[in-house]
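Notes follow once the structure below has been shown.
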Amino acid sequence: MFFKLASSQIFRYRIGANSSFFITEPGRAEKKYAGINLPDHPGSSGFTPLFKIGAEAEIIAPFSSDFEIGVEFDYMNLYGQTEKAPLYNFFLTRFNPLPDSYSYPVEALIYNTNILSVSGTVRWYFLPVSNEINLYLKGFGGIAFVGSDFTFRDPFYSVKYNIGALYAKGTRNSDHPKQTAFSGGAGLGSTFKLSDKFDIYIDGTASMINSDLVNGVPNYDYINIDGKESFRPASCWALTSQISIGLIYSDIPDRKLHRSNFTKSRKINRSQFWKRKRLNPFRR
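Residues in the sequence shown are numbered from 488 upward in steps of one, following the working numbering.
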(Lines of atoms letter the chains of each structure in order from A and count residues from 1; the text may use other names and numbers.)
(Lines give C-alpha, C1' and ligand atoms only; values in the text may rest on other atoms or scores of the structure.)
Protein backbone atom coordinates (compact mmCIF):
# COMPACT_ATOMS: atom_id res chain seq x y z
CA MET A 1 0.00 0.00 0.00
CA PHE A 2 2.88 2.35 0.84
CA PHE A 3 4.45 1.87 -2.58
CA LYS A 4 1.08 2.44 -4.24
CA LEU A 5 0.67 5.77 -2.41
CA ALA A 6 4.26 6.76 -3.18
CA SER A 7 3.82 6.05 -6.87
CA SER A 8 0.70 8.26 -7.05
CA GLN A 9 2.12 11.09 -4.93
CA ILE A 10 3.31 14.31 -6.53
CA PHE A 11 6.73 15.43 -5.34
CA ARG A 12 8.19 18.91 -5.57
CA TYR A 13 11.92 19.58 -5.61
CA ARG A 14 13.48 22.79 -4.35
CA ILE A 15 17.01 24.11 -4.84
CA GLY A 16 18.31 27.49 -3.82
CA ALA A 17 20.93 29.75 -2.31
CA ASN A 18 20.91 31.31 1.14
CA SER A 19 22.73 33.79 3.31
CA SER A 20 22.83 33.32 7.08
CA PHE A 21 23.78 35.53 10.01
CA PHE A 22 24.55 34.84 13.67
CA ILE A 23 22.39 37.07 15.88
CA THR A 24 23.06 36.15 19.51
CA GLU A 25 23.23 33.45 22.15
CA PRO A 26 19.95 34.04 24.06
CA GLY A 27 20.21 34.29 27.81
CA ARG A 28 23.55 34.11 29.59
CA ALA A 29 25.95 32.21 27.36
CA GLU A 30 28.53 31.59 30.10
CA LYS A 31 29.29 32.45 33.73
CA LYS A 32 32.02 35.06 33.55
CA TYR A 33 35.29 34.89 35.42
CA ALA A 34 35.15 37.32 38.35
CA GLY A 35 38.33 39.06 37.21
CA ILE A 36 36.97 39.92 33.75
CA ASN A 37 35.86 43.53 33.57
CA LEU A 38 34.90 44.79 30.13
CA PRO A 39 35.79 48.46 30.81
CA ASP A 40 39.40 47.30 31.28
CA HIS A 41 39.41 46.16 27.65
CA PRO A 42 38.51 49.40 25.83
CA GLY A 43 37.40 49.23 22.22
CA SER A 44 36.20 45.64 22.40
CA SER A 45 33.01 44.70 20.60
CA GLY A 46 31.07 41.69 19.46
CA PHE A 47 31.34 40.16 16.01
CA THR A 48 29.89 41.92 12.99
CA PRO A 49 28.35 39.38 10.55
CA LEU A 50 29.38 39.51 6.91
CA PHE A 51 27.58 38.26 3.80
CA LYS A 52 28.35 34.67 2.75
CA ILE A 53 26.54 32.28 0.41
CA GLY A 54 25.16 28.86 1.33
CA ALA A 55 22.99 26.32 -0.48
CA GLU A 56 19.95 24.17 0.17
CA ALA A 57 17.80 21.48 -1.39
CA GLU A 58 14.48 19.94 -0.41
CA ILE A 59 12.12 17.14 -1.39
CA ILE A 60 8.52 18.23 -0.80
CA ALA A 61 5.30 16.19 -0.70
CA PRO A 62 2.02 18.18 -0.82
CA PHE A 63 -0.23 16.91 1.98
CA SER A 64 -3.20 18.96 0.77
CA SER A 65 -3.76 22.08 -1.31
CA ASP A 66 -2.63 24.22 1.65
CA PHE A 67 -0.07 22.04 3.46
CA GLU A 68 3.25 20.52 2.44
CA ILE A 69 5.76 18.37 4.28
CA GLY A 70 9.34 17.78 3.22
CA VAL A 71 12.94 16.88 3.97
CA GLU A 72 15.45 19.72 3.69
CA PHE A 73 19.24 19.59 3.29
CA ASP A 74 20.85 22.88 4.22
CA TYR A 75 24.39 24.29 4.11
CA MET A 76 24.93 27.50 6.08
CA ASN A 77 28.10 29.59 5.96
CA LEU A 78 28.33 32.16 8.75
CA TYR A 79 31.18 34.65 8.96
CA GLY A 80 31.89 37.47 11.37
CA GLN A 81 34.73 39.74 12.45
CA THR A 82 35.66 42.07 15.29
CA GLU A 83 38.46 44.61 15.56
CA LYS A 84 38.98 43.65 19.22
CA ALA A 85 37.23 40.70 20.80
CA PRO A 86 35.47 40.84 24.17
CA LEU A 87 37.14 39.03 27.06
CA TYR A 88 35.72 35.55 26.55
CA ASN A 89 36.36 32.90 29.21
CA PHE A 90 37.95 30.81 26.48
CA PHE A 91 41.08 32.97 26.62
CA LEU A 92 41.64 31.84 30.24
CA THR A 93 41.38 28.12 29.55
CA ARG A 94 44.10 25.65 28.66
CA PHE A 95 42.64 25.44 25.15
CA ASN A 96 43.85 28.95 24.33
CA PRO A 97 46.98 28.37 22.20
CA LEU A 98 48.44 31.83 22.88
CA PRO A 99 51.27 32.17 25.42
CA ASP A 100 50.32 32.95 29.03
CA SER A 101 52.00 36.33 28.73
CA TYR A 102 49.59 37.28 25.93
CA SER A 103 46.32 35.46 26.57
CA TYR A 104 44.05 38.30 25.38
CA PRO A 105 44.69 39.20 21.72
CA VAL A 106 44.09 42.78 20.63
CA GLU A 107 44.29 42.00 16.90
CA ALA A 108 41.19 41.69 14.70
CA LEU A 109 39.60 38.23 14.91
CA ILE A 110 37.17 36.30 12.71
CA TYR A 111 35.01 33.22 12.85
CA ASN A 112 34.07 31.10 9.85
CA THR A 113 31.33 28.58 10.64
CA ASN A 114 29.91 25.91 8.34
CA ILE A 115 26.70 24.12 9.31
CA LEU A 116 25.22 21.12 7.52
CA SER A 117 21.69 20.23 8.60
CA VAL A 118 18.96 17.74 7.79
CA SER A 119 15.46 18.83 8.78
CA GLY A 120 11.84 17.88 8.46
CA THR A 121 9.73 20.78 7.16
CA VAL A 122 6.09 21.80 7.03
CA ARG A 123 4.51 24.68 5.10
CA TRP A 124 1.09 26.22 5.38
CA TYR A 125 0.00 28.31 2.40
CA PHE A 126 -2.29 30.66 4.29
CA LEU A 127 -2.72 33.59 1.91
CA PRO A 128 -3.03 33.31 -1.89
CA VAL A 129 -2.41 36.90 -3.01
CA SER A 130 -3.27 35.99 -6.61
CA ASN A 131 -3.21 33.01 -8.94
CA GLU A 132 0.57 33.42 -9.16
CA ILE A 133 1.63 34.57 -5.65
CA ASN A 134 1.07 32.53 -2.50
CA LEU A 135 2.31 33.34 1.01
CA TYR A 136 3.28 30.58 3.45
CA LEU A 137 4.45 29.94 6.98
CA LYS A 138 7.28 27.45 7.42
CA GLY A 139 8.37 25.36 10.39
CA PHE A 140 11.31 22.97 10.57
CA GLY A 141 13.41 20.90 12.95
CA GLY A 142 16.23 18.41 12.74
CA ILE A 143 19.92 17.76 13.28
CA ALA A 144 22.79 20.14 12.52
CA PHE A 145 26.50 19.41 12.18
CA VAL A 146 28.56 22.44 13.19
CA GLY A 147 32.18 23.15 12.30
CA SER A 148 33.97 26.42 12.97
CA ASP A 149 37.32 28.23 12.82
CA PHE A 150 38.07 31.05 15.26
CA THR A 151 41.30 32.83 14.40
CA PHE A 152 43.11 36.04 13.42
CA ARG A 153 41.75 37.99 10.47
CA ASP A 154 45.30 38.64 9.26
CA PRO A 155 47.14 35.31 8.73
CA PHE A 156 50.38 37.09 9.64
CA TYR A 157 49.55 36.74 13.33
CA SER A 158 48.85 33.03 13.02
CA VAL A 159 52.39 32.68 11.71
CA LYS A 160 53.77 35.07 14.33
CA TYR A 161 52.30 33.05 17.22
CA ASN A 162 52.82 29.72 15.46
CA ILE A 163 49.19 28.60 15.63
CA GLY A 164 46.81 27.33 12.96
CA ALA A 165 43.74 28.82 14.65
CA LEU A 166 42.76 30.03 18.08
CA TYR A 167 40.11 27.32 18.09
CA ALA A 168 38.86 24.92 15.43
CA LYS A 169 36.45 22.00 15.36
CA GLY A 170 35.00 20.10 12.44
CA THR A 171 37.18 21.86 9.85
CA ARG A 172 40.40 21.10 8.02
CA ASN A 173 42.25 22.90 10.83
CA SER A 174 41.03 20.34 13.36
CA ASP A 175 41.19 16.58 13.83
CA HIS A 176 37.87 16.60 15.69
CA PRO A 177 34.56 15.90 13.92
CA LYS A 178 31.79 18.45 13.61
CA GLN A 179 29.61 19.09 16.63
CA THR A 180 26.17 17.48 16.43
CA ALA A 181 23.29 19.67 17.61
CA PHE A 182 19.52 19.93 17.53
CA SER A 183 18.10 22.76 15.45
CA GLY A 184 14.71 24.16 14.62
CA GLY A 185 12.93 27.31 13.61
CA ALA A 186 10.20 29.05 11.66
CA GLY A 187 9.76 31.64 8.96
CA LEU A 188 7.64 33.37 6.37
CA GLY A 189 7.91 33.12 2.60
CA SER A 190 6.24 33.38 -0.77
CA THR A 191 6.11 31.49 -4.04
CA PHE A 192 5.67 33.05 -7.48
CA LYS A 193 4.23 30.74 -10.11
CA LEU A 194 6.05 30.67 -13.44
CA SER A 195 4.18 27.66 -14.86
CA ASP A 196 2.43 24.50 -13.69
CA LYS A 197 5.83 22.96 -13.01
CA PHE A 198 8.03 25.85 -11.87
CA ASP A 199 7.80 28.36 -9.03
CA ILE A 200 10.24 30.94 -7.70
CA TYR A 201 10.37 31.10 -3.93
CA ILE A 202 11.84 33.47 -1.36
CA ASP A 203 11.67 33.20 2.40
CA GLY A 204 13.18 34.43 5.63
CA THR A 205 13.64 32.17 8.65
CA ALA A 206 14.99 32.28 12.19
CA SER A 207 16.72 29.22 13.65
CA MET A 208 17.77 28.05 17.09
CA ILE A 209 20.82 25.77 17.12
CA ASN A 210 21.95 23.99 20.29
CA SER A 211 25.65 24.78 19.83
CA ASP A 212 28.15 27.21 21.36
CA LEU A 213 30.31 27.17 18.22
CA VAL A 214 28.06 29.10 15.85
CA ASN A 215 30.01 32.30 16.56
CA GLY A 216 33.29 30.37 16.62
CA VAL A 217 34.07 30.86 20.32
CA PRO A 218 33.46 27.89 22.64
CA ASN A 219 31.72 28.78 25.90
CA TYR A 220 33.09 27.98 29.37
CA ASP A 221 31.50 28.60 32.76
CA TYR A 222 33.73 29.92 35.52
CA ILE A 223 33.54 27.62 38.56
CA ASN A 224 34.83 28.44 42.06
CA ILE A 225 34.37 25.70 44.65
CA ASP A 226 35.99 26.33 48.03
CA GLY A 227 38.47 28.68 46.44
CA LYS A 228 39.41 26.23 43.68
CA GLU A 229 38.91 27.89 40.31
CA SER A 230 38.23 26.07 37.06
CA PHE A 231 36.35 26.35 33.78
CA ARG A 232 33.70 23.96 32.54
CA PRO A 233 32.33 23.69 28.97
CA ALA A 234 28.94 25.40 28.76
CA SER A 235 26.15 24.44 26.40
CA CYS A 236 23.91 27.12 24.92
CA TRP A 237 21.58 27.92 22.05
CA ALA A 238 22.45 30.20 19.16
CA LEU A 239 19.94 32.32 17.27
CA THR A 240 20.53 32.79 13.54
CA SER A 241 18.61 34.31 10.64
CA GLN A 242 18.57 33.23 7.02
CA ILE A 243 17.28 34.54 3.70
CA SER A 244 16.72 32.02 0.90
CA ILE A 245 15.81 32.27 -2.77
CA GLY A 246 15.53 29.61 -5.44
CA LEU A 247 13.39 27.46 -7.71
CA ILE A 248 10.75 24.79 -7.07
CA TYR A 249 10.04 22.08 -9.66
CA SER A 250 6.73 20.19 -9.39
CA ASP A 251 6.81 16.68 -10.84
CA ILE A 252 3.24 16.83 -12.18
CA PRO A 253 2.43 14.32 -14.97
CA ASP A 254 0.27 16.07 -17.59
CA ARG A 255 -3.36 14.83 -17.93
CA LYS A 256 -2.74 12.07 -15.40
CA LEU A 257 -3.25 13.96 -12.16
CA HIS A 258 -5.07 12.32 -9.32
CA ARG A 259 -7.63 14.67 -7.79
CA SER A 260 -5.90 14.74 -4.38
CA ASN A 261 -2.58 15.66 -5.94
CA PHE A 262 -3.48 19.05 -7.38
CA THR A 263 -1.60 21.96 -5.95
CA LYS A 264 -3.56 25.09 -5.09
CA SER A 265 -2.70 26.82 -8.37
CA ARG A 266 -3.57 23.70 -10.38
CA LYS A 267 -6.97 23.49 -8.70
CA ILE A 268 -7.71 27.08 -9.68
CA ASN A 269 -6.72 26.41 -13.30
CA ARG A 270 -8.76 23.21 -13.43
CA SER A 271 -11.89 24.96 -12.07
CA GLN A 272 -11.61 27.65 -14.74
CA PHE A 273 -11.20 24.99 -17.42
CA TRP A 274 -14.37 23.11 -16.42
CA LYS A 275 -16.32 26.38 -16.13
CA ARG A 276 -15.47 27.25 -19.74
CA LYS A 277 -16.38 23.74 -20.85
CA ARG A 278 -19.85 23.94 -19.29
CA LEU A 279 -20.48 27.31 -20.97
CA ASN A 280 -19.77 25.78 -24.38
CA PRO A 281 -20.29 22.01 -24.11
CA PHE A 282 -20.00 21.43 -27.89
CA ARG A 283 -16.68 23.18 -28.32
CA ARG A 284 -13.75 20.87 -28.88
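We put the beta carbon where it would ideally sit given N, CA and C, even for glycine.
- If only uninterrupted alpha helix (DSSP H) runs of at least 4 residues are considered, none is enclosed by the region 608-640.
- For asparagine 697, the secondary structure class from DSSP, reduced to helix, strand or coil, is coil.
- The residues Glu619, Ile620, Asp686 and Ile687, in chain order, have a CB closer than 7 angstroms to that of phenylalanine 679 in the same chain once the five nearest residues on each side in sequence are set aside.
- Secondary structure at lysine 680: strand, using DSSP grouped into helix, strand and coil.
- Taking 9 angstroms as the cut-off, the beta carbon of threonine 608 is found closer than this to the beta carbon of glycine 626.
- Around threonine 692, the same chain offers Gly672, Gly674 and Gln729 as residues with beta carbons nearer than 6 angstroms, after the five sequence neighbours per side are excluded.
- Of all C-beta pairs linking the region 531-550 to the region 564-571, three or more are shorter than 8 angstroms, placing the two stretches in contact.
- From the listed residues Tyr500, Asn505 and Lys518, the smallest Cα separation to isoleucine 689 is found for Asn505.
- Per DSSP, proline 549 is one residue of the beta strand (DSSP E) stretching across 541-549.
- Between valine 616 and isoleucine 696 a beta carbon distance of about 32 angstroms is seen, past the 8 angstroms cut, so the two are scored as non-contacting.
- Using a Cβ distance threshold of 9 angstroms, isoleucine 735 and isoleucine 547 count as a contacting pair.
- Looking from the CA of leucine 596, the closest CA among His663, Asp713, Ser645 and Ser551 belongs to Ser645.
- Each residue's CA atom was taken as its position, placing glutamate 716 and asparagine 702 some 26 angstroms apart.
- Close CB contacts of phenylalanine 550 within its chain, under the 7 angstroms cut and outside five residues either way in sequence, are with Ile556 (chain order).
- Excluding its 5 nearest sequence neighbours in each direction, proline 513 has C-beta neighbours in its own chain below 7 angstroms: Trp724 and Leu726, listed in chain order.
- Listed as beta-bridge partners of lysine 715 by DSSP are Ile712.
- Tyrosine 500 and phenylalanine 560 have their C-alpha atoms some 12 angstroms from each other.
- For serine 506, the uninterrupted beta strand (DSSP E) run begins and ends at 499-511, by DSSP.
- For tyrosine 644, the uninterrupted alpha helix (DSSP H) segment begins and ends at 642-647.
- Of the other Cβ atoms in all chains shown, fewer than 16 fall within 10 Å of the Cβ of arginine 719; this residue is therefore exposed.
- If you check the CB distance, leucine 700 and threonine 600 come in under 9 angstroms.
- In this structure, DSSP gives aspartate 561 an extended state, which the three-state scheme calls strand.
- When DSSP states are grouped into helix, strand and coil, serine 588 belongs to the helix group.
- The three-state secondary structure of leucine 675, taken from DSSP, is strand.
- Nearest Cα to isoleucine 540 within the set Asp713, Tyr654, Gly503 and Asn706: Gly503.
- Taking C-beta atoms under 8 angstroms as the contact rule, tyrosine 648 and phenylalanine 582 fail to qualify, at a distance of about 15 angstroms.
- Measuring C-alpha to C-alpha distances from phenylalanine 613 to each of Leu624, Ser531 and Leu603 identifies Leu624 as the nearest.
- Between the C-alpha atoms of asparagine 660 and serine 635 there is a straight-line separation of about 9 angstroms.
- Residues of the same chain with a CB within less than 6 angstroms of the CB of valine 704, apart from the 5 flanking positions on each side, are Tyr575, Phe577 and Phe637 in chain order.
- Look at asparagine 576 here: in three-state DSSP terms it is helix.
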